[in-house]
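In terms of numbering that gives the first Met the number 0, the sequence shown opens at residue 0 and continues consecutively.
We put the beta carbon where it would ideally sit given N, CA and C, even for glycine.
Working notes, beginning with the structure itself.
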Amino acid sequence: MERLKRMSVFAKVVEMGSFTAAARQLQMSVSSISQTVSKLEDELQVKLLNRSTRSIGLTEAGKIYYQGCRRMLHEAQDVHEQLYAFNNTPIGTLRIGCSSTMAQNVLAGLTATMLKEYPGLTVNLVTGIPAPDLIADGLDVVIRVGALQDSSLFSRRLGAMPMVVCAAKSYLAQFGTPEKPADLSNHSWLEYSVRPDNEFELIAPEGISTRLIPEGRFVTNDPMTLVRWLAAGAGIAYVPLMWVINEINRGEVEILLPRYQSDPRPVYALYTEKDKLPLKVQVVINYLTDYFVDVAQLFQGMYGRGKREIKKKCRPDKALTPHPERCPMALVLIGHTS
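Here it is as structure tokens:
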């Protein structure tokens with residue numbers, strides 16, 4: 000068992016490219032990582048790594064040993080996964096990376112429900128703007144909104160996040176409610192600076208499109224700050240629906256121009272293993288897929304229903320969920336007409 004642990008540590012050092020990165024992922028000290036590799040070299044009586052102050056590199060013996068380590072560790076992991084899958088019971092720590100808004104508005108509630116169903120799971124939710132790095136941060140899966148750029152990673156599309164033009168009711172009471180896209184040019188805008196291109200398109204029911212580029216005096220890279228400005232009546236914003244769900248439900252913020260459609264932003268799960276996705280990752284992917292299906296249905300249901308509340312119905316997961324009462328996220332949206 001001790002030898003297998005040393006092999007695992009050695010393989011992680013090679014994969015992460017440094018003792019420091021491996022220590023961070025394995026939650027060990029750098030000195031412990033270094034001592035473990037040294038003991039392995041002493042046991043084998045061969046040098047596995049060339050060390051310098053800035054980098055490490057495999058020796059010829061190290062290359063051979065690393066390939067053997069990978070095979071053994073993967074086989075051991077496969078056996079565990081097969082046994083867990085046999086009982087349909089994912090266990091262990093699931094490390095998820097996502098933006099802070101995705102964590103606050105979606106994954107916090109979703110994972111709380113998920114862990115009630117799977118008591119053997121532990122969740123470590125790592126957030127950041129932009130989303131954390133799958134490899135560097137040692138994550139199992141990263142949830143990303145928008146176009147993908149990581150060609151080396153595998154991905155699965157979970158759904159799409161609707162984008163909305165919205166404003167606080169206090170702002171609209173003071174400056175008026177825009178009736179058509181052209182009216183938006185006369186209003187104050189709130190800008191999200193992280194998005195590389197703020198230009199967006201609104202499409203009328205008859206197919207006529209209008210391109211808009213928000214420009215305003217309020218600019219931030221922090222979603223929470225933007226939403227605070229929005230709720231305070233500082234201006235109009237074009238944001239993902241999930242950012243303002245709570246404000247809409249409380250009656251503070253109103254969606255504008257609901258007759259006009261805008262392209263939703265795709266949502267993806269990113270991971271490193273294509274063929275043997277761990278069961279714990281499959282579970283969260285299934286939860287999120289259900290969530291975004293329901294979001295799409297809610298968003299479509301908002302149009303033409305006036306002020307009636309539309310409550311999400313829970314959809315049991317036949318493959319992984321024995322309990323039909325499962326509900327990933329409790330959402331209530333209020334529809335508006337123009």
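{"Query": "State the start and end residues of the unbroken beta strand (DSSP E) segment that holds residue 162.", "Result": "162-167"}
{"Query": "Assuming contact is defined by CB atoms lying nearer than 8 Å, are residue 298 and residue 266 in contact in what I supplied?", "Result": "no"}
{"Query": "Using 8 Å as the threshold, is the stretch 120-139 in touch with the stretch 204-211, meaning 3 or more CB pairs across them?", "Result": "no"}
{"Query": "Give me the DSSP bridge partner(s) of residue 260.", "Result": "202"}
{"Query": "Measure the C-alpha to C-alpha separation of residue 120 and residue 212 and round it to an integer number of angstroms.", "Result": "44 Å"}
{"Query": "Return the Cβ separation of residue 98 and residue 144 in integer angstroms, given the expectation that the two are a contact with Cβ distance under 8 Å.", "Result": "7 Å"}
{"Query": "Report back the beta-carbon spacing between residue 259 and residue 131 to the nearest angstrom; my notes put them in contact at under 8 Å.", "Result": "34 Å between Cβ atoms; not a contact."}
{"Query": "Determine the burial state of residue 61: buried for a count of at least 16 other Cβ atoms within 10 Å of its Cβ, exposed for fewer.", "Result": "buried"}
{"Query": "If you scan the stretch 214-289 from start to end, which runs of the beta strand (DSSP E) of 3 or more residues do you find wholly inside it?", "Result": "217-219, 235-239, 252-254 and 264-270"}
{"Query": "Using only the alpha-carbon positions, how far apart do residue 221 and residue 227 sit?", "Result": "10 Å"}
{"Query": "Since residue 140 and residue 268 should fall inside the 8 Å C-beta cutoff, what is the C-beta to C-beta distance between them, to a whole number of angstroms?", "Result": "5 Å"}
{"Query": "Spell out the partners DSSP gives residue 154 in its beta bridges.", "Result": "269"}
{"Query": "Could you pull the DSSP bridge partners for residue 94 from this structure?", "Result": "123"}
{"Query": "Does the Cβ of residue 104 have 16 or more other Cβ atoms within 10 Å, making it buried, or fewer, making it exposed?", "Result": "buried"}
{"Query": "By how many angstroms is the C-alpha of residue 63 removed from the C-alpha of residue 53?", "Result": "23 Å"}
{"Query": "Distance, Cα to Cα, residue 249 vs residue 255?", "Result": "16 Å"}
{"Query": "Quick check on residue 53: does DSSP put it in helix, strand or coil?", "Result": "coil"}
{"Query": "Are residue 36 and residue 47 touching if we call contact CB-CB under 8 Å?", "Result": "yes"}
{"Query": "Is the Cβ-Cβ distance between residue 262 and residue 200 less than 8 Å?", "Result": "yes"}
{"Query": "What do you reckon, are the CB atoms on residue 218 and residue 190 nearer than 8 Å?", "Result": "yes"}
{"Query": "Following the continuous alpha helix (DSSP H) through residue 32, name the residue where it begins and the one where it ends.", "Result": "29-43"}
{"Query": "Give every residue of the same chain whose Cβ lies closer than 8 Å to the Cβ of residue 10, excluding the five residues on either side of it in the sequence, and list them in chain order.", "Result": "65, 68, 69 and 72"}
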